[in-house]
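Down below is the structure, laid out as C-alpha cells.
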Amino acid sequence: MLAAADRSGLDFTSLRLCLATGPAMPADMLHRFEDRFGCIVREEYRLSEISPVAGLSDPSEVRKVRSLGRPIDGVELRVVDDRGGEVPVGVAGELQIRGHNVMKGYSSLPEATKTALVEGWLATGDIGTVDEHGHLFIVDEKT
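Residue numbers for the sequence shown follow the numbering used here, beginning at 158 and rising by one.
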C-alpha cells in the first residue's frame, strides 16, 4: 500500500484506522505507514479457526512494537511447552487459545480436530511469548 499510494495519486486523507493481521509489522514499516497515511495501525492476531480475532492492540495504550495486542474479552491465551505445560511469562512456546469465538472442529475431519483442539484449547501452531501485561508476540511457527 505504501508503494501503491505514491504511484496512484489517490487521496488517503480520510483514512483514520488500519488493521494489520498476521505476523507483526516491522517497526520501520509501521512508522512509515502511519507517517505516510496519518492514521493509526491497529495490529491483531487472527486465524481462520477463530472469529473474528483472538488478540488486538489498543491504540489508546503505549505501543509495544511487534506486539499483536492482548486477548479480546472472553478469550484466554496460554503458552505451552512441547508436553503441554504452561511456560513462564516471556518464555517462548506454542500459543493455545480458548474462548467463545474458537471453532468447534473441522467439518468431517475428526482426526484433525482432535489434533487441533487439546482439552478445549486450540493449538495454533504459532510460537510466541506473552509479556507481564498479557501482550502477545509471535516469534516463529511450529514445525
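For glycine and all other residues, C-beta sits at the position ideal for the given N, C-alpha and C.
Report the three-state DSSP secondary structure of residue i (helix, strand or coil).
i    : result
E200 : strand
A123 : Since the first and last residues shown for the chain are 158 and 300, residue 123 lies out of range.
E206 : coil
V222 : coil
E289 : coil
T178 : strand
V237 : strand
P228 : strand
L213 : strand
V244 : coil
Enumerate in chain order the residues of its own chain whose CB-to-CB distance from residue i is below 6 Å, with the five nearest sequence positions on each side excluded.
i    : result
W278 : Q253 and R255
N258 : I207 and S208
With a threshold of 7 Å on Cβ separation, who are the neighbours of residue i within its own chain once the five nearest residues in sequence on each side are excluded?
i    : result
L176 : R199 and E201
L174 : C196, I197 and R199
F169 : A162 and F194
R203 : T178, P209, V210 and A211
May I ask which residues mark the beginning and end of the alpha helix (DSSP H) holding residue i?
i    : result
F194 : A184 to F194
R164 : L159 to S165
E276 : It is not in any alpha helix (DSSP H) - E276 carries neither H nor E in the DSSP assignment.
Would you grab the beta carbon distance between residue i and residue j for me? Rounded to a whole angstrom, and I think it's under 8 Å.
i    : j    : result
I295 : P180 : 6 Å
Could you tell me the boundaries of the beta strand (DSSP E) in which residue i lies?
i    : result
G256 : G250 to G256
E298 : L293 to E298
Which residues in the same chain as residue i place their Cβ atom closer than 8 Å to its Cβ, once the five residues preceding and following it in sequence are excluded?
i    : result
V222 : A181, A184 and L187
G291 : R227, P228 and L234
Taking 8 Å as the threshold, find out whether the stretch 242–249 comes into contact with the stretch 260–278 through three or more Cβ pairs. No: the two stretches stay apart, fewer than three of their Cβ pairs being nearer than 8 Å.
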